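For reference, the structure is listed below as structure tokens.
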Amino acid sequence: MKNVLVIGATGQIGSELTMKLRKTYPNGDIVAGYITGAEPKGELLESGPAEIVDITNPAQIAAAVEKYNIDTIYNLAAVLSAVAEAKPQLAWHIGVGGLYNTLEVAREKKCAVFTPSSIGSFGPGTPKVNTPQDTIQRPTTIYGVTKVTGELLSDYYAKRFGVDTRSVRFPGLISYVTPPGGGTTDYAVDIYYSAVKGEKFYCPLKPGTFMDMMYMPDALRAAIEIMEADPSKLIHRNSFNIASMSFDPEMIAAKIKEHVPGFEMEYKLDPLRQSIADSWPDSLDDTCAREEWGWRPQYDLEAMTIDMLDHLKSK
Ligand code: SER
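Following our numbering, the numbering of the sequence shown begins with 1226 at its first residue and continues without gaps.
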């Protein structure tokens, strides 16, 4: 990996992944692809090239790939689960149409492609606890439908055209840099902001709603390590279960309370988010990722909470 195009570089994952890639590959061009209205700022803008790359515009993807002689594309454009339910056509257009555009450019220009899948690619018929790598994927959200389609399309391009596509199924991602927007797992980010501001947190999900979550530094490492993995060891490609922690609102609130004793949480349910969360697994089995490319998480709930609170306080 030398020259990389990050599509969605100013989003929740992209803003941090672009910076990490620039540090990891200092001799390459790491291009921040953004859309109008989400321009890069500060360090992200100053530390490397940036181009307008709307994933729904194949000519813009091809132009950036050509200009910088790109060998790897990180496709991070997505509409998260709750917003996607309000705008299903847009979710498909970006999630599947955008991926198709990306894969076509990658086929022609011989690029590797990373596209995240999600815990949202599973549905109510999936085994809920220790969800296996290869199991039933019949999601009931449009977000999940785009993710399963993306997994299949990416595997097809690998098999049919030899495009080096790889992916991980991300849990809910937690970070103190760029907030997520419109996801079902967002509460686990918002709760830290409320705690640090000294505000009561209104939790949109009920107690006992378990989902896999991950601290952003682990997620960034996973995205880079899967693309660096020895292809001869990969039995799977699109997409690998990865996991680091699973908790419900009660557990994260109790952990925050250990560090912010006055912290208070009240339940104010969001029926849409609750129904989405109820259709997703409680915890994934990530044995295949561990065996095939050496995946190991570094943060648990305790380590993440200390780091999140420290950074948000100084922010
Ligand atoms: N974080 C995403 C969401 O909640 C799941 O991948 O939509």
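All residues carry an ideal CB built from backbone N, CA and C; glycine is no exception.
The structure presented is a predicted model; accordingly, all values stated were derived computationally and were not measured.
Give me, in chain order, the residues of the same chain whose beta-carbon lies closer than 8 Å to that of residue i; leave out the 5 immediate sequence neighbours on both sides.
i            : result
residue 1478 : 1416, 1426, 1428, 1488, 1490
residue 1257 : 1231, 1234, 1235, 1239, 1243, 1265, 1269, 1270, 1273, 1274, 1275, 1276
residue 1229 : 1246, 1250, 1253, 1254, 1255, 1256, 1295, 1296, 1297, 1298, 1299
Below 9 Å between beta carbons: does that hold for residue i and residue j?
i            : j            : result
residue 1394 : residue 1467 : yes
residue 1398 : residue 1237 : yes
residue 1285 : residue 1295 : no
residue 1451 : residue 1518 : yes
residue 1280 : residue 1307 : no
residue 1383 : residue 1472 : no
residue 1440 : residue 1511 : no
residue 1459 : residue 1378 : no
residue 1469 : residue 1507 : no
Do you know whose CA, among the options, lies nearest residue i's CA?
i            : options                : result
residue 1514 : 1438, 1329, 1462, 1508 : 1462
residue 1354 : 1259, 1339, 1437       : 1437
residue 1376 : 1338, 1404, 1410, 1365 : 1338
residue 1419 : 1388, 1481, 1473, 1392 : 1481
residue 1310 : 1506, 1532, 1369       : 1369
residue 1485 : 1414, 1421, 1305       : 1421
residue 1366 : 1341, 1403, 1400, 1316 : 1316
residue 1537 : 1404, 1381, 1360       : 1404
Got a sec? Which residues, its chain only, sit under 6 Å from residue i by beta carbon, not counting five neighbours each side?
i            : result
residue 1358 : 1466, 1513
residue 1408 : 1305, 1306
residue 1396 : 1344, 1437, 1438, 1439
Kindly identify the DSSP beta-bridge partner or partners of residue i.
i            : result
residue 1339 : 1299, 1391
residue 1397 : 1438
residue 1264 : Answer is none; residue 1264 lacks a bridge partner.
residue 1241 : Paired residues: none, contrary to the question.
residue 1324 : Looking at the DSSP assignment, residue 1324 forms no beta bridge with any residue, so it has no partner.
residue 1277 : 1259
residue 1509 : 1356
Which stretch, first to last residue, makes up the beta strand (DSSP E) that contains residue i?
i            : result
residue 1173 : Because the chain is modelled from 1226 through 1540, residue 1173 falls outside the range shown and cannot be assessed.
residue 1258 : 1255–1259
residue 1231 : 1229–1232
residue 1427 : 1426–1428
residue 1420 : It is not in any beta strand (DSSP E) - residue 1420 instead sits in the alpha helix (DSSP H) that spans 1412–1422.
Can you give me the start and stop residues for the alpha helix (DSSP H) that residue i sits inside?
i            : result
residue 1347 : It is not in any alpha helix (DSSP H) - residue 1347 carries neither H nor E in the DSSP assignment.
residue 1316 : 1313–1317
residue 1361 : Element bounds for residue 1361: n/a, residue is neither H nor E.
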